[in-house]
Each structure stands twice: as C-alpha cells, then as structure tokens.
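A.B. asks:
There are 2 protein chains.
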Amino acid sequence: MTSVDEPARPNGRIRDAARTKAEILDVATREFARAGFAGARVDEIAARTRTTKRMIYYYFGGKEQLFTAVLERAYGVIREAEQELDVEHLDPVAAIRRLAELTFDHHEQHPDFIRLVSIENIHEAEHIAASEELGRIGSPALDVIRRILESGQKSGLFTADVDAVDLHAMISAFCFFRVANRHTFGALFGRDLVDPAQREHYRNMLGDMVIAYLTADRSED
Amino acid sequence: MTSVDEPARPNGRIRDAARTKAEILDVATREFARAGFAGARVDEIAARTRTTKRMIYYYFGGKEQLFTAVLERAYGVIREAEQELDVEHLDPVAAIRRLAELTFDHHEQHPDFIRLVSIENIHEAEHIAASEELGRIGSPALDVIRRILESGQKSGLFTADVDAVDLHAMISAFCFFRVANRHTFGALFGRDLVDPAQREHYRNMLGDMVIAYLTADRSED
DNA sequence: TCACTAATGTACGAACTAGTACGTTAGTCA
DNA sequence: TGACTAACGTACTAGTTCGTACATTAGTGA
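Chains as they are written, first to last, in our numbering: chain A, 77 to 297; chain B, 77 to 297.
What follows is the structure, given as structure tokens:
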C-alpha cells in the first residue's frame, strides 16, 4: 500500500490532492478491515490522517463510496501481483503448484484484503456491483491457470475435465479460509492455521491437494 | 431454528419466557447475519419480535451478549447435526466422501450460520472467547474423521501422514468458501458457486479432491 | 501580480442508537 | 384468594455518527 510521509511545512498546510487521497485510502483500509463497514467510523478515519473529515467527503463523496474505493485499490494490488506471475516456463505440475503457492503467500501477506472481501460478502458484493472498475477487471491468474491446464491436459498429465474457474476457486478456498477463519478455527480447535511454524506444512498441503486432484484417476467411480 | 407461532390471546399479553427468548434469538440471528454486528440494530430486532427491546436487555443483557447467544445456538445446531453422523459402517473412502458431502450440505443449508462465522472472524472470535459454552464444546465430526482416518491408514488405503484437524480444515474451507464468498466470486468471475444446477458438480468436486489427496502417492516429491 | 479555483479547515446539526428508569400485569403458590 | 415475583411495556436520554454550511488559503495561469 502506498504510505506517505514527508516533512509537513512548519505552519501552513501543504496541498497535495494525490497524497491526501492516498493517505485517506490507507487509513480507511485499516479501519474498514478492523471493524467492518458499519463498525468503521468516518471520524476515526479522519482523525488518523493528517487531514479532516471534510476531505473524505470532498474526494470520495461518502462512507459508501470510500469503501468502494478501498475495495478497488485492494483488488488492484492483487491484480498487479497476478500480472507478474511467471510460471509458464515450468512443467504443468510444477507450474500449478507454484501458482497455488503464490496465492497462498499473497493471502497470508494481505490479511486486510481478506477481511475486506469477507466484509464485502456480508454486504452481498453490492459495492463491487456498483463499481465500474471492479466489474470490468478480469483475473490475470485465471488466464494463467487456463493455459497451464490446457497444456497439462494435452500432455495427459492432468485429468481432462477440470475447469480453470473451478480450480481457482479450490485454491482460493483453501488460502482464504486459512486466513479469514483463523480466529474461529483457532478458538474451536485450538490450532492456529497461520502459525509460522506450520506455514510450510500448510503450503505443501495445498500443493499436494491440488496436484492430487488434477492427476487423480477418476475412472473407478 | 426454533420458530414459534401460536394464537396470541385476543387482548392480554401471554407470558412465556422460553418462547420470548427463542423468538428474540430467531430474529437476532437473521438481523446479525444480514448486517453484521455493528450494522445490526437492536431496535430492528425488537420491532420484528412480538415483544419489546426491554426484553432483549432483560434476557440477554446487551447487544454483545445477544450476539454471543446467537452464535452459541448456531454452533449448537451444527454440533447436533454432527452427532447424527453415521458413516462408520462404510469403508474409509466412502465414509470420508460421505462426511464431506454432509458438511457440504449443511453449509449450503445454513447460509446465516456461515455469515455469522464470517462476522465473528472479523471480530477475531472475541465472542467465542467470551463464551464458556463455546469454549468447551468439541467437534463430534472431528472424532469421526479421526477414526475413519485411522482405519484408512491402517489398511493402507490412505497416505499415512494426514491429520484429522487438517482434513477437517480442508473440507470446511471448500464448503465455507463456496457459500461465504459466493457474492464476490460471482461478481468477479461471473459464476454462481451456489447455482443449484452446479450443485452436484461441486459436491463431487469436493469428494474427488479429498479422496485424491488422501490416496495420492506422495513419494515422488 | 492578481484573480481564480482546487484544496482545505471549523463548527455544527439532525438523526440515529444502545441502553435504562419506572411503572404494570400475569401467573403461581402458600 | 391474596401476595409475591417473573415477565413485560412505555417513554425517555445521553452519546454518537454521518454529513454539511460556511469560511479560508495555497497554488497557478493569464
């Protein structure tokens, strides 16, 4: 996330629309992720920036639109990361495993993003629906999966009938759940899914699961 | 969930503590699931019951404790369902598949429960932590998984090193994500994970995934 | 250098919202 | 049958929270 700090002019205020907007988005991301949409406080967000509440309304229009902007930026970060995906020089099995691991890493490194997505689902994705930007972005990762799958299926390594969106859902489900449901799962089963000591274990488990699914012989059913 | 309706006495009020409590819990479940903890309105809950806000405070003490009570009951429903799990007469492969399918079905049939759990995770499971009842319940499903795994491993059907809690996490992740993230996933990828026409497809996918993972040969890595 | 506008700050209000003080009544048990 | 209490209702308040009216200033282009 774009964090900004520079020596504020001794007395007078500095004018920098881009910086002010970015700072509001930074703080708002944390506040919405912390407390949910209804729980987040516009006054609290304003207090934690170097500007005032007035500016939130000036730049974003309202709480609702601010949340949408926060979501847009958060999804933008993922999209960028996905665009740098470079796994297609690997053989299909290694490529899928690597892609799954990168999803695993990204989710782990962006718990606020996970929380925002959970929150947006409580609101039935109404902000995504209201956002032009979010409506039209595809998923670079999906294209990558599509190509790897095709190549793996052609060479007979993978079971024929697996769909890219489904595989993406499977990988996301594992990675998302691990971070999003960390707290209830920990409280109920006494196991921290995000324990650093278990990180490699779960990372391998994900890869094993996906590869096992893709290479399994399903004729026996 | 315990829904209650009976002919209200023409004029006078009826006194039935159990019914009043249950009715409050019913309505509160829906309201919290709809809007999250902070977004839920105590007045709204009261308005939708046949009693008044006063009673919510009389019986539960406050909004926070009401949410905890709602969670306790919701988890109670799952626990009951899990106690009726009857799969151990099946061979290990069929038993695990059946167990996964029952989890799949239960999650699908209780979207409000899924939402409550998502909400509780936003609040870092603080209500579960505050609840004696929820702290001490184990998971009947977990015991079942443990026994099936052991039997499957003993007979050499399953890979040796799989842990019951991990397998439970894997199954839950798939089932939970499908329901919880339905809206954002649908908005971004144009696919409804809970589309009835795709139900059997995803139900099979889950079973295939779990069995493939459990029976895969991991020696080659 | 001056006028003009984008950017900013202050102060305030209207509506909402969790929670409570106080009064009432239905059922029950001695 | 009468007294006692659990169960219930009404009306209100204190504090919060989103949003805005109004005033101000920094930068910029003519």
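Idealized CB from N, CA, C, for every residue including glycine.
Exposed or buried, which one is residue 231 (chain A) when buried takes at least 16 other CB atoms within 10 Å?
C.D. replies: Exposed: under 16 other Cβ atoms inside 10 Å.
A.B. asks: Do you know whose CA, among A:131, A:151, A:286, lies nearest residue 204 (chain A)'s CA?
C.D. replies: Measuring from the Cα of residue 204 (chain A), the nearest candidate turns out to be A:151.
A.B. asks: Consult DSSP for residue 79 (chain A) and reduce its assignment to one of helix, strand or coil.
C.D. replies: Because the pLDDT of residue 79 (chain A) is 39, which lies under 50, any placement of that residue in the model is unreliable, and the question is left without a value.
A.B. asks: Using 10 angstroms around the beta-carbon of residue 112 (chain A), count the other beta-carbons present and answer buried if the total reaches 16, otherwise exposed.
C.D. replies: It counts as buried.
A.B. asks: Here's the rule: buried if 16 or more other CB atoms are within 10 angstroms of the residue's CB, otherwise exposed. What is residue 160 (chain A)?
C.D. replies: That one is exposed.
A.B. asks: For the stretch 176-199 of chain A, which residues have a CB atom closer than 9 angstroms to at least one CB atom of chain B, in sequence order?
C.D. replies: The residues in question are 191, 193, 194, 195, 196, 197, 198, 199.
A.B. asks: Taking one C-beta from the stretch 120-132 of chain A and one from the stretch 208-228 of chain A each time, how about it: are there three or more such pairs within less than 8 angstroms?
C.D. replies: No contact exists between the stretch 120-132 of chain A and the stretch 208-228 of chain A.
A.B. asks: Out of A:186, A:195, A:262, A:176, point me to the one whose CA is closest to residue 30 (chain A)'s CA.
C.D. replies: Residue 30 (chain A) is absent from the structure shown; chain A starts at 77 and stops at 297.
A.B. asks: Can the beta-carbon of residue 289 (chain B) be found closer than 8 angstroms to that of residue 171 (chain A)?
C.D. replies: Going by C-beta atoms, residue 289 (chain B) is not nearer than 8 angstroms to residue 171 (chain A).
A.B. asks: Could you work out which residue in B:109, B:274, B:147, B:98 is closest to residue 207 (chain B) when comparing CA atoms only?
C.D. replies: For the residues B:109, B:274, B:147, B:98, the minimum Cα distance to residue 207 (chain B) belongs to B:147.
A.B. asks: Ignoring anything shorter than 4 residues or poking outside the stretch 81-154 of chain A, list the alpha helix (DSSP H) runs there in chain order.
C.D. replies: 93-115, 118-124, 129-136, all fully within the stretch 81-154 of chain A.
A.B. asks: Note down the Cα distance separating residue 118 (chain A) from residue 139 (chain A), rounded to an integer number of angstroms.
C.D. replies: The alpha-carbon atoms of residue 118 (chain A) and residue 139 (chain A) are separated by roughly 7 angstroms.
A.B. asks: Give the range of the alpha helix (DSSP H) segment to which residue 286 (chain B) is assigned.
C.D. replies: From DSSP, the alpha helix (DSSP H) with residue 286 (chain B) extends over 275-291.
A.B. asks: At a CB-CB cut-off below 7 angstroms, which residues of chain B make contact with residue 205 (chain A)?
C.D. replies: Correct list: 263.
A.B. asks: Compare the C-beta of residue 165 (chain A) with all C-beta atoms of chain B and state if any pair is closer than 8 angstroms.
C.D. replies: Not one chain B Cβ lies under 8 angstroms of residue 165 (chain A).
A.B. asks: Quick check on residue 269 (chain B) - is its C-beta less than 8 angstroms from some C-beta in chain A?
C.D. replies: Yes, contact with chain A.
A.B. asks: Are the stretch 261-268 of chain A and the stretch 231-243 of chain A touching, with three or more C-beta to C-beta distances below 8 angstroms?
C.D. replies: Output reads no: the stretch 231-243 of chain A does not touch the stretch 261-268 of chain A.
A.B. asks: Please identify the residue among A:110, A:248, A:109, A:264 whose C-alpha is closest to the C-alpha of residue 324 (chain A).
C.D. replies: What is shown of chain A runs 77 to 297, which leaves residue 324 (chain A) out entirely.
A.B. asks: Indicate whether residue 154 (chain B) and residue 256 (chain B) have their beta-carbon atoms separated by less than 8 angstroms.
C.D. replies: Not closer than 8 angstroms, so no.
A.B. asks: Counting only C-beta atoms, is residue 237 (chain B) closer than 8 angstroms to chain A at any point?
C.D. replies: With 8 angstroms as the cut-off, residue 237 (chain B) does not count as an interface residue toward chain A.
A.B. asks: If you drop the 5 nearest sequence neighbours on each side, which residues of the same chain put their C-beta closer than 6 angstroms to that of residue 90 (chain B)?
C.D. replies: Cβ within range, chain order: n/a, list empty.
A.B. asks: For residue 281 (chain B), go through chain A and note every residue whose CB falls closer than 7 angstroms to its CB, in chain order.
C.D. replies: Those are 242, listed as they occur along chain A.
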